[in-house]
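Participant: Read in UniProt numbering, the sequence shown has 185 at position 185, and its numbers run on one by one without any break. The structure is given below, and queries will be raised subsequently.
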Amino acid sequence: MNPSTLIAPPALVRRAEQQDTKAIQALDSAHYLHPFTDHAGLASRGARVITRADNIYVWDSEGAKILDAMSGLWCVNAGYGRKELADAAYQQMMTLPFYNSFFNTTNVPAVQLATKLASLAPKVGGRSFEHVFFSSSGSESNDTNVRMVRRYWDLLGQPQRKVIISRNNAYHGSTMAGASLGGMGGMHAQGDLPIPNITHIEQPYFFENARPGESEADFGRRAAGWLEAKILEVGADKVAAFIAEPVQGAGGVIIPPETYWPEIQRIVDQYGILLISDEVICAFGRLGHWFAYEKFGYRPDLVTFAKGVTSGYIPLGGVMVGDRVARVLIEKGGEFNHGYTYSGHPVACAVALANLELMERENLVGRVKDDTGPYLARRFAELKDHPLVGGAETCGFVAGLVLVKNKATNAMFDADLGVGMICRGHCFKNGLIMRAVGDRMIIAPPLVMTHAQIDEMMALIVRCLDATLDDLR
Ligand code: PLP
């Protein structure tokens with residue numbers, strides 16, 4: 001099989017659906033090592049081949065139309081098929097496809113995007129974000145955070161402050177630093193992670209970690225207290241920063257109680273440590289705000305972003321650098337020996353600008369906050385009546401439900417049964433992409449979703465839950 005016969009030019013993209021799926025799968029398993037995939041069985045299983053997309057739907061090589069309730073990988077905030085974004089990339093490629101930002105050089109889209117992001121980042125408690133450091137992904141951005149935090153404390157004459165505290169079940173990326181900051185046991189088990197000076201506390205997951213009879217508010221304060229306990233265990237003068245997602249995404253959409261973030265803020269203030277808000281998923285409208293720290297009212301020093309900044313149309317990430325850190329880096333730091341070839345890539349920045357303009361024009365952030373977000377919350381909460389569902393929560397346009405064996409006691413299924421994966425299988429069969437994290441089923445739909453499309457998605461979810469229940473009977 002000649003691979004070139006499998007690659008459809010854009011104008012012929014529909015013909016991709018008539019291509020031989022088996023042949024694509026054979027080449028795929030022979031040559032393409034996928035992220036987070038068990039390759040041993042890939043040849044016999046055959047990867048699903050996604051060939052095109054529009055609005056909130058994707059199509060596979062067999063012509064099946066699938067409602068993408070995960071926005072790709074939490075990123076296609078503006079939905080698929082947005083011509084403005086393709087035009088922005090084309091025009092920038094014809095004008096200046098690449099130039100680097102090293103050694104006193106810059107480019108116009110990077111400057112414009114940095115300025116735009118500074119204007120979008122809300123000032124909370126008098127702190128502002130006037131500076132941005134660009135990368136190409138969330139993982140790289142968190143590597144930047146580790147280097148920037150260490151540089152900050154070195155410049156302040158406190159080089160012993162090296163420890164970064166994170167949380168179990170967090171996801172902060174897949175590079176050495178990203179995977180170490182993350183709290184995924186499976187990732188730590190491969191390759192001696194975490195690297196030194198990164199340590200973890202428990203996540204604020206009420207369903208799993210609350211005591212019998214404990215209120216959500218009390219649990220939120222107690223969960224935040226785990227940070228204080230860890231600071232005291234490590235030694236307050238050795239702690240550099242605390243990093244957390246506003247709502248844990250890949251860990252299963254874990255929404256903290258309202259009391260959690262205010263108490264975290266009190267603790268980081270008391271001990272003077274830096275606060276990093278990893279908003280790779282949560283920024284750019286996902287929680288109904290441009291940046292999620294505004295929703296919870298805390299004051300981070302560094303904010304990681306990626307994904308939604310370009311709606312996933314092209315790789316771009318970065319760190320919003322708050323005044324506290326920026327001032328030290330700029331006034332005391334001299335040259336920061338750090339950066340990436342693609343920091344401030346002009347095409348990525350031009351696409352991001354077009355994406356942010358589109359989101360503003362269509363009021364996508366406001367819609368999630370005041371209209372479609374509350375509607376999704378209402379509809380998703382109805383799932384609590386389903387015999388398999390032990391809890392169902394939303395926050396803006398992320399949502400998660402937990403599949404339980406016994407609704408009265410919230411007893412979980414035996415993990416070996418893989419009930420979440422059974423449900424995910426039914427989703428695929430019924431034209432719905434929903435993700436399973438253990439027995440939590442989660443969604444993060446495109447922000448363009450309408451009320452009617454929310455209804456369509458909810459009907460599919462119920463159908464898949466019913467089919468899962470039938471399998472278990
Ligand atoms: N941080 C968070 C919160 C994420 O959810 C992710 C990816 O899902 C990352 C970092 C890593 O981003 P990337 O895959 O772009 O490296």
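Note that beta-carbon positions come from the ideal geometry of N, C-alpha and C, so glycine has one too.
(1) For R82, does the three-state DSSP call read helix, strand or coil?
(2) Under a Cβ-count criterion, where at least 16 other Cβ atoms within 10 Å of its own Cβ denotes burial, should G72 be classed as buried or exposed?
(3) Among T394, G126 and M148, which has the Cα closest to the Cα of T372?
(4) Looking only at its chain, what residues have a beta carbon closer than 6 Å to the beta carbon of Y99, apart from the 5 residues adjacent to it on each side?
(5) Let's test the definition: count the other Cβ atoms within 10 Å of the Cβ of Y152 and tell me whether it reaches 16, buried, or not, exposed.
(6) Got a list of residues with beta-carbon closer than 7 Å to any non-hydrogen atom of ligand 1, in chain order?
(7) So, with DSSP's three-state summary, where would you put F305?
(8) At what residue ranges does the stretch 370-396 contain a whole run of the alpha helix (DSSP H), taking only runs of 4 or more?
(9) By alpha-carbon positions, which one of A89, T21, L67 and Q91 ends up nearest to E456?
(10) Pull the bridge partners of M320 from the DSSP assignment, please.
(11) Taking just the CA atoms, how far does G272 sit from I433?
(12) Report the rounded CA-to-CA distance for A411 versus A118, giving the unit in angstroms.
(13) Could you give the DSSP three-state label for D278: helix, strand or coil?
(14) Looking only at C-alpha atoms, which of L417, R222 and F102 sits nearest to I267?
(15) Taking the C-alpha atoms as reference points, what is the distance between A86 and K230?
(16) Near L465, what residues of its chain come up, given a Cβ to Cβ distance below 6 Å and the 5 sequence neighbours on each side ignored?
(17) Can you tell me whether DSSP reads S174 as helix, strand or coil?
(18) Could you please give the first and the last residue of the uninterrupted alpha helix (DSSP H) stretch that includes G400?
(19) Mind checking F36: buried by the 16 CB within 10 Å criterion, or exposed?
(20) Would you decide whether K384 is buried or exposed? Buried here means 16 or more other CB atoms lie within 10 Å of its CB.
(21) Tell me whether R161 sits in a helix, a strand or coil according to DSSP, three-state version.
(22) Between which two residues does the beta strand (DSSP E) carrying R440 extend?
(23) What's the gap between the Cα of V149 and the Cα of T468?
(24) With respect to the beta strand (DSSP E) encompassing A241, which residues constitute its N-terminal and C-terminal limits?
(25) Determine, using beta carbons only, whether N197 and V319 come nearer to each other than 8 Å.
(26) Using the Cα positions of P300 and H451, report the straight-line distance between them to the nearest angstrom.
(27) By the DSSP assignment, the beta strand (DSSP E) with L67 in it spans what residues?
(28) Could you give the distance in angstroms between the alpha-carbon of E202 and the alpha-carbon of N104?
Facilitator: Straight from the coordinates:
(1) Correct three-state label for R82: coil.
(2) That one is buried.
(3) T394
(4) N107
(5) By the neighbour-count rule (16 or more Cβ atoms within 10 Å), Y152 is buried.
(6) L73, W74, S137, G138, S139, E140, N142, Y171, H172, G173, S174, G178, E245, G249, A250, D278, V280, I281, T304, A306, K307 and G317
(7) strand
(8) Counting only runs of 4 or more, we get 372-381.
(9) L67
(10) In DSSP, M320 forms a bridge with V132 and V303.
(11) Whole-angstrom Cα-Cα distance: 43 Å.
(12) 47 Å
(13) Strand at D278.
(14) R222
(15) Cα to Cα, A86 sits roughly 47 Å from K230.
(16) H386 and L388
(17) coil
(18) Premise fails: G400 lies in the beta strand (DSSP E), V398 to L403, not in any alpha helix (DSSP H).
(19) Classification for F36: exposed.
(20) exposed
(21) coil
(22) For R440, the enclosing beta strand (DSSP E) begins and ends at R440 to I443.
(23) 46 Å
(24) V239 to A244
(25) no
(26) Approximately 34 Å, taken between the alpha carbons.
(27) K65 to D68
(28) 43 Å
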